[in-house]
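Presented below is the structure to which this report refers.
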Amino acid sequence: MSTLDLPAAADAAEIARTIADLDRRDPLKAVRDAFEIPAGLIYLDGNSLGALARPVADRVRTVLTHEWGRDLVGAWVSAGWIDLPRRVGSKLAPLVGAAPDEVVVADSTSVNLFKCILAAADINRPRSVIVTERGEFPTDVYVAEGVEQATDGRLRHRLCEPTALAASIDGDTAAVILSHVHYRSALVRDMEALTAKAHAVGALTIWDLSHSAGAIRVNLDSAGADFAVGCGYKYLNGGPGAPAFLYAASRHHASMRSPLTGWLGHAAPFAFEDGYRPVAGIGRFICGTPGVLGMSALEASLDLLHGLDIAEIERKGRQLGQLFIALVERRCAGFGLTLASPRDPAQRGCHVAFRHADGYPIMRALIERGVIGDFREPDALRFGFAPLYLRYRDVQDAVEILRDVLANETWRSARYAERESVT
Ligand SMILES: Cc1ncc(COP(=O)(O)O)c(C=O)c1O
Numbered sequence: 101m102s103t104l105d106l107p108a109a110a111d112a113a114e115i116a117r118t119i120a121d122l123d124r125r126d127p128l129k130a131v132r133d134a135f136e137i138p139a140g141l142i143y144l145d146g147n148s149l150g151a152l153a154r155p156v157a158d159r160v161r162t163v164l165t166h167e168w169g170r171d172l173v174g175a176w177v178s179a180g181w182i183d184l185p186r187r188v189g190s191k192l193a194p195l196v197g198a199a200p201d202e203v204v205v206a207d208s209t210s211v212n213l214f215k216c217i218l219a220a221a222d223i224n225r226p227r228s229v230i231v232t233e234r235g236e237f238p239t240d241v242y243v244a245e246g247v248e249q250a251t252d253g254r255l256r257h258r259l260c261e262p263t264a265l266a267a268s269i270d271g272d273t274a275a276v277i278l279s280h281v282h283y284r285s286a287l288v289r290d291m292e293a294l295t296a297k298a299h300a301v302g303a304l305t306i307w308d309l310s311h312s313a314g315a316i317r318v319n320l321d322s323a324g325a326d327f328a329v330g331c332g333y334k335y336l337n338g339g340p341g342a343p344a345f346l347y348a349a350s351r352h353h354a355s356m357r358s359p360l361t362g363w364l365g366h367a368a369p370f371a372f373e374d375g376y377r378p379v380a381g382i383g384r385f386i387c388g389t390p391g392v393l394g395m396s397a398l399e400a401s402l403d404l405l406h407g408l409d410i411a412e413i414e415r416k417g418r419q420l421g422q423l424f425i426a427l428v429e430r431r432c433a434g435f436g437l438t439l440a441s442p443r444d445p446a447q448r449g450c451h452v453a454f455r456h457a458d459g460y461p462i463m464r465a466l467i468e469r470g471v472i473g474d475f476r477e478p479d480a481l482r483f484g485f486a487p488l489y490l491r492y493r494d495v496q497d498a499v500e501i502l503r504d505v506l507a508n509e510t511w512r513s514a515r516y517a518e519r520e521s522v523t
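If you count by the working numbering, then the sequence shown holds residues 101 to 523, one letter each, in order.
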């Protein structure tokens with residue numbers, strides 16, 4: 101079932117029955133048991149930081165006690181630490197529609213973006229323009245600005261209006277950076293169509309998959325994408341600051357160059373040669389020593405995802421979102437909330453945003469009541485529906501608490517007004 105049938109005239113009992121039925125028939129319901137979700141909490145922020153799964157905690161403990169604790173430096177070989185960036189990349193690859201040797205796990209999304217921009221622009225010389233869209237996740241724009249500065253303007257950043265994207269990609273464009281799922285609205289871009297448009301004028305594409313990987317189906321290879329990056333700590337549940345991933349289409353492997361020519365991207369790191377020689381393939385995007393604890397956590401989390409059907413995950417995430425929208429519009433009508441995400445589930449990732457002029461204090465009040473979402477300036481309340489550990493009844497409970505916060509105006513308390521350092 102890809103759409104949720106909740107008749108407008110349904111009464112409370114009918115809604116309760118529908119929700120109980122959805123939970124009973126949920127093919128992913130058993131997966132929740134693998135996660136540590138604190139009692140009494142409704143966690144709707146898995147699109148920011150995914151929850152901790154028990155096998156992940158077990159794996160990190162093993163790395164600490166058995167591998168680092170016992171084998172010390174020998175664990176680079178005995179535990180296969182040295183292979184982690186490629187091994188974890190190959191496990192992530194099927195989730196983004198890539199071949200195992202097209203993905204590597206390393207660094208942060210921002211750093212990987214920097215590598216991809218320079219690699220794409222290098223392939224596409226003498227073109228000099230990097231296009232990003234206004235309203236993109238800030239790091240995508242900032243890194244493009246930084247590339248312009250670092251190259252003393254040889255590469256130029258062009259920030260375009262979302263409505264003018266097609267017109268902004270022209271014969272000067274080396275690469276265009278786009279989010280597959282928008283961080284604020286959850287709007288899904290048509291990767292295949294936009295890649296074809298970019299290619300038609302000779303531009304390459306760099307996709308940010310931070311809000312797609314592990315949440316919805318992604319088909320980088322069949323869409324003809326060139327490069328992609330994404331976070332390991334959102335729907336991939338790799339933990340706070342988990343390493344990010346980088347994809348490069350195999351047709352670029354022979355010619356692509358990484359601007360960060362660290363020793364672990366060298367063809368023979370332990371030959372300790374004086375000059376840099378890149379290793380063949382995706383491995384040249386590895387720069388320095390991998391953070392083994394974070395990599396191991398992400399690997400364990402991907403092992404948990406292995407064998408689950410991503411189409412099923414996508415379907416559930418969208419249904420949870422659809423239920424949320426339907427219930428908010430029934431139960432919270434008249435309180436000033438406006439949907440800021442596509443209503444059509446097929447055009448939406450796994451989170452939902454509502455706008456409200458007092459969004460920040462409302463979110464703070466909700467969090468204090470145990471409903472954890474987040475706030476994005478200037479007015480968006482964001483609610484993430486991570487399909488692996490959320491139940492349909494969590495959605496209903498969250499909406500009832502939201503209604504209560506709005507109806508009783510508890511959010512007006514002065515203590516909710518002050519911005520925290522992380523929103
Ligand atoms: C679309 C998008 N790109 C990038 C990032 C952040 O990347 P980094 O791992 O470098 O902090 C985020 C973080 O929320 C994001 O939403």
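All residues carry an ideal CB built from backbone N, CA and C; glycine is no exception. From a predicted model like this one, the values you see are computed outputs, not experimental measurements.
May I ask which residues mark the beginning and end of the beta strand (DSSP E) holding THR232? The residue given as residue 232 occupies position 132 in the sequence shown. Its beta strand (DSSP E) spans residues 229-233.
Pull up the distance between the alpha-carbon of CYS387 and that of SER208, whole angstroms please. Translated into the one-based positions of the sequence shown, residue 387 becomes position 287. Translated into the one-based positions of the sequence shown, residue 208 becomes position 108. Taking the straight line joining both Cα atoms gives about 12 Å.
Top-ranked residue by Cα proximity to ARG351, from ASP321, ALA368 and ASP158: The sequence position of residue 351 within the sequence shown is 251, counting from 1. Of the listed residues, the one whose Cα sits closest to ARG351 is ASP321.
Between ALA175, GLY473, CYS450 and PRO127, which lies nearest to PRO461 when the distance is taken from Cα to Cα? One-based indexing of the sequence shown puts residue 461 at position 361. Per the Cα distances, GLY473.
Beta carbon of TYR347 nearer than 9 Å to that of ALA380: Counting from one through the sequence shown, the residue named residue 347 turns up at place 247. Counting from one through the sequence shown, the residue named residue 380 turns up at place 280. No.
Backbone CA spacing between ASP252 and GLY246 [nearest angstrom]: The residue given as residue 252 occupies position 152 in the sequence shown. The residue given as residue 246 occupies position 146 in the sequence shown. C-alpha separation (whole angstroms): 10 Å.
Give every residue of the same chain whose Cβ lies closer than 8 Å to the Cβ of ILE137, excluding the five residues on either side of it in the sequence, and list them in chain order. In the sequence shown, the residue the question calls residue 137 occupies position 37. Answer for ILE137: TYR143, ALA151 and TYR489, listed in chain order.
Just the Cα atoms here: how many angstroms apart are LEU534 and ARG377? The question about residue 534 has no answer, for the chain in this structure spans 101 to 523.
Just to confirm before moving on: does the CB-CB distance between SER401 and PRO155 stay below 9 Å? Counting from 1 along the sequence shown, the entry for residue 401 is found at position 301. Counting from 1 along the sequence shown, the entry for residue 155 is found at position 55. Taking 9 Å as the Cβ cut-off, SER401 and PRO155 qualify as a contacting pair.
Can you tell me where the alpha helix (DSSP H) with TRP176 in it begins and where it stops? For the purposes of this step, residue 176 is taken as residue 76 along the sequence shown, with counting starting at 1. Here the alpha helix (DSSP H) through TRP176 covers 175-178.
Whether or not the stretch 361-377 and the stretch 235-245 are in contact is what I'm after, with contact meaning three or more pairs of Cβ atoms, one per stretch, closer than 8 Å; do they touch? no
Between SER279 and ligand 1, is there a pair consisting of the residue's CB and a ligand heavy atom that are separated by less than 8 Å? On the sequence shown, position 179 is the one that residue 279 refers to. At least one heavy atom of ligand 1 is nearer than 8 Å to the Cβ of SER279, so yes.
Is PHE237 a contact residue of ligand 1, with contact defined as CB to any heavy atom under 8 Å? Stepping through the sequence shown from its first residue, residue 237 is reached at position 137. Yes, ligand 1 has a heavy atom inside 8 Å of this Cβ.
Between SER285 and ligand 1, is there a pair consisting of the residue's CB and a ligand heavy atom that are separated by less than 8 Å? As a first step, residue 285 is located in the sequence shown; it is residue number 185 there, counting from the start. No - ligand 1 has no heavy atom lying nearer than 8 Å to the Cβ of SER285.
Please check the pair ALA328 and HIS451, which I expect to be a contact at CB under 8 Å, by giving their CB distance rounded to whole angstroms. The sequence position of residue 328 within the sequence shown is 228, counting from 1. The sequence position of residue 451 within the sequence shown is 351, counting from 1. Actually they do not touch by this definition, with Cβ atoms about 20 Å apart.
Between which residues of its own chain and ARG159 is the CB-CB distance below 6 Å, once the five residues before and five after are set aside? Mapped onto the sequence shown, residue 159 falls at position 59. Cβ within range, chain order: SER396 and ALA400.
Those residues which DSSP pairs with HIS366 across a bridge: Taking the sequence shown and counting its residues from 1, the one referred to as residue 366 is at position 266. Beta-bridge pairing links HIS366 to PRO378.
LYS129: CB within 8 Å of a non-hydrogen atom of ligand 1: Your numbering for residue 129 matches position 29 in the sequence shown. Incorrect: LYS129 has no Cβ contact closer than 8 Å to ligand 1.
Whole-angstrom distance between SER178 and MET101, CA atom to CA atom: Here residue 101 corresponds to residue number 1 of the sequence shown, with the count starting at 1. Here residue 178 corresponds to residue number 78 of the sequence shown, with the count starting at 1. Bear in mind that a pLDDT of 41 at MET101, under 50, signals an unreliable position, so the number given afterwards is only what the model happens to contain. Taking the straight line joining both Cα atoms gives about 46 Å.
Tell me which residues share the same chain as CYS432 and place their Cβ nearer than 8 Å to its Cβ, disregarding the 5 neighbours each side in the sequence. In the sequence shown, the residue the question calls residue 432 occupies position 332. The answer, listed in chain order, is VAL499, LEU502, ARG503 and LEU506.
Buried or exposed for PRO262, going by 16 or more other Cβ atoms inside 10 Å? The residue you call residue 262 lines up with position 162 of the sequence shown. That one is exposed.
Relative to the C-alpha of SER513, which residue among ALA465, VAL471 and PHE485 is closest? Residue numbering aside, residue 513 sits at position 413 when the sequence shown is read from its first letter. Out of ALA465, VAL471 and PHE485, ALA465 has the C-alpha closest to the C-alpha of SER513.
I want to check one thing, is the minimum distance from the CB of THR232 to the heavy atoms of ligand 1 below 8 Å? Along the sequence shown, one-based indexing puts residue 232 at 132. For ligand 1, not one heavy atom lies less than 8 Å from the Cβ of THR232.
Separation of ARG125 from LEU404, as counted between CA atoms: The sequence position of residue 404 within the sequence shown is 304, counting from 1. The sequence position of residue 125 within the sequence shown is 25, counting from 1. About 21 Å.
Cα-Cα, which of VAL281, ARG491, CYS331 and LEU437 is closest to ASP133? Walking along the sequence shown from the start, residue 133 turns up at place 33. The option with the nearest alpha carbon to ASP133 is ARG491.
Given GLY449 as reference, the closest of SER355, GLN422, ASN337 and ALA120 once Cα atoms are compared: As a working mapping, residue 449 is identified with position 349 in the sequence shown. Among SER355, GLN422, ASN337 and ALA120, the Cα nearest to that of GLY449 belongs to GLN422.
What are the uninterrupted segments assigned as beta strand (DSSP E) that are 3 or more residues long and contained completely in the stretch 231-267, given in chain order? 256-260
Any chance the CB of ALA380 is under 8 Å from a heavy atom of ligand 1? Along the sequence shown, read from residue 1 onward, the residue named residue 380 stands at position 280. Checking every heavy atom of ligand 1 against the Cβ of ALA380, none is found closer than 8 Å.
Which residue wins for smallest C-alpha separation from PRO390, given the options GLU518, TRP176 and THR162? As a first step, residue 390 must be located in the sequence shown, where it is residue number 290. Minimum Cα distance to PRO390 is reached at TRP176.
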